[in-house]
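For reference, each letter of the sequence shown is one residue, going 86 to 367 in our numbering.
Glycine is no exception: its CB is placed at the ideal position from the N, C-alpha and C atoms.
To start, the structure under review is shown below, and the notes come after it.
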Amino acid sequence: DELLAQQLQLRLARRKRREKAAPALPSNGPLLRRFLGKLPFRLTRAQQRVMGELLKDLAQPHPMQRLLQGDVGSGKTIIAAIGCLAAVDAGAQAAVMAPTEILAEQHYRKFSAWLAPLGVQIAWLHGGLPAAQKKAARKAIAAGGASIAIGTQALFQEGVEFKALALAIVDEQHRFGVKQRLELRKKSELSVAHQLMMSATPIPRTLEMTYHADLDVSKIDELPPGRKPVTTRLVATGRRGEVLERIRAACADGQQAYWVCPVIEESKDLDLQAALEAFEEL
């Protein structure tokens with residue numbers, strides 16, 4: 086009975102959401118055509134399929150609520166850029182929110198390299214910006230001069246206003262709370278903005294929403310050509326010397342390595358490898 090009641094509730098919520106008005110974004114606008122025509126690589130079949138699902142949703146007059154799932158390196162960011170261009174082609178705006186300044190900066194650099202040659206102005210907004218730059222970014226977003234805004238949680242803070250937000254994209258959505266994800270969407274005053282959430286590791290609640298039909302899912306299940314499969318190995322502490330030797334050989338060969346620790350400093354309560362200790366050892 087409880088499961089049936091929950092399913093009915095979510096179905097009714099979905100129907101109510103689809104009754105709301107959202108801007109219908111063109112799926113074949115001039116900027117998007119130019120962008121796809123100049124791509125230096127071919128989209129994978131999975132990316133093409135997901136692009137079709139996304140653009141079909143964005144062309145509807147009711148708000149999209151879609152999860153884009155795919156492993157790291159599968160090409161989710163290019164799909165996000167395509168969605169943003171659909172918004173820009175409609176004379177509207179798009180926002181891309183990431184959980185950390187580092188990831189937000191990566192998106193800003195990628196989007197700038199892809200879209201700046203098309204004349205698309207992009208604003209970058211995060212808490213660490215100097216006051217003058219922050220003010221300039223907010224002004225560009227509010228006036229509509231910046232068609233795409235990329236940043237952290239700073240995007241939905243008080244004082245940030247969009248002229249015509251049509252698409253809200255949340256990267257690594259599992260790192261944000263439900264309320265935080267909705268706050269960005271609320272920045273659209275004219276109508277309800279479309280929402281695209283991206284994750285390589287959706288949280289159980291997201292999967293539940295998917296199962297009960299409150300969230301549509303697109304999955305990139307194919308890596309771009311040339312990518313080597315990921316190999317995961319578990320090595321005992323007693324073989325630490327072998328690991329260090331393998332890393333030394335890789336670095337001598339011009340490669341890079343990441344050494345991730347669960348804590349920064351030593352803790353009396355936790356018997357865990359600390360980053361500072363590992364740094365000294367390495």
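Of all alpha-carbon atoms in GLY158, ALA359, LEU93, the one lying nearest the alpha-carbon of MET283 is that of GLY158.
A straight-line Cα-Cα distance of about 11 Å links GLU366 and ALA359. Contact check for ASP142 against ARG151 passes: the beta carbons are separated by less than 9 Å. For LEU89, the three-state secondary structure derived from DSSP is helix. Annotation: TRP199 is outside any beta strand (DSSP E); the continuous alpha helix (DSSP H) that includes it extends over 186-200.
In the displayed model, LYS304 falls within a strand according to three-state DSSP.
Separation of ALA239 and TYR193 (C-alpha to C-alpha, rounded to the nearest whole angstrom) is 14 Å. Membership of ASP174 in the alpha helix (DSSP H) is indicated by the continuous run 161-174.
Per the Cβ contact rule, the region 300-319 is in contact with the region 122-137 (3 or more Cβ pairs under 8 Å). For MET136, there is no enclosing beta strand (DSSP E); the residue is found in the alpha helix (DSSP H) stretching over 130-143.
Residue ALA172 holds the alpha-carbon nearest to the alpha-carbon of ALA234 among ALA172, PRO115, LEU319, THR286. Distances from the CA of ALA228 to each of THR317, GLN191, GLY212, ALA177 were compared; the closest alpha carbon is that of ALA177. Between the alpha carbons of LEU121 and ILE163 lies a distance of about 10 Å. In this chain, the alpha helix (DSSP H) harbouring ILE332 covers 325-337. Counting along the chain, the unbroken alpha helix (DSSP H) around ALA363 starts and ends at 360-366. Per DSSP, reduced to three states, the secondary structure at ILE349 is coil, with no helix or strand assignment. If you look at ALA216, you'll find it in the alpha helix (DSSP H) that goes 216-228. As computed with DSSP, ASP156 is found in no beta bridge at all.
According to the DSSP assignment, GLY213 belongs to no beta strand (DSSP E), since it is labelled neither H nor E.
LEU121: member of the alpha helix (DSSP H) spanning 115-122, first to last residue. Within a 10 Å sphere around the beta-carbon of PHE241 sit 16 or more other beta-carbons, which makes this residue buried. Going by beta carbons, LEU139 and LEU250 fall outside the 9 Å limit. For LEU95, the three-state secondary structure derived from DSSP is helix. For SER284, DSSP records a beta bridge to GLN154. Taking 9 Å as the cut-off, the beta carbon of TRP199 is found closer than this to the beta carbon of ALA166. If you look at GLN340, you'll find it isn't in any beta strand (DSSP E); DSSP assigns it neither H nor E.
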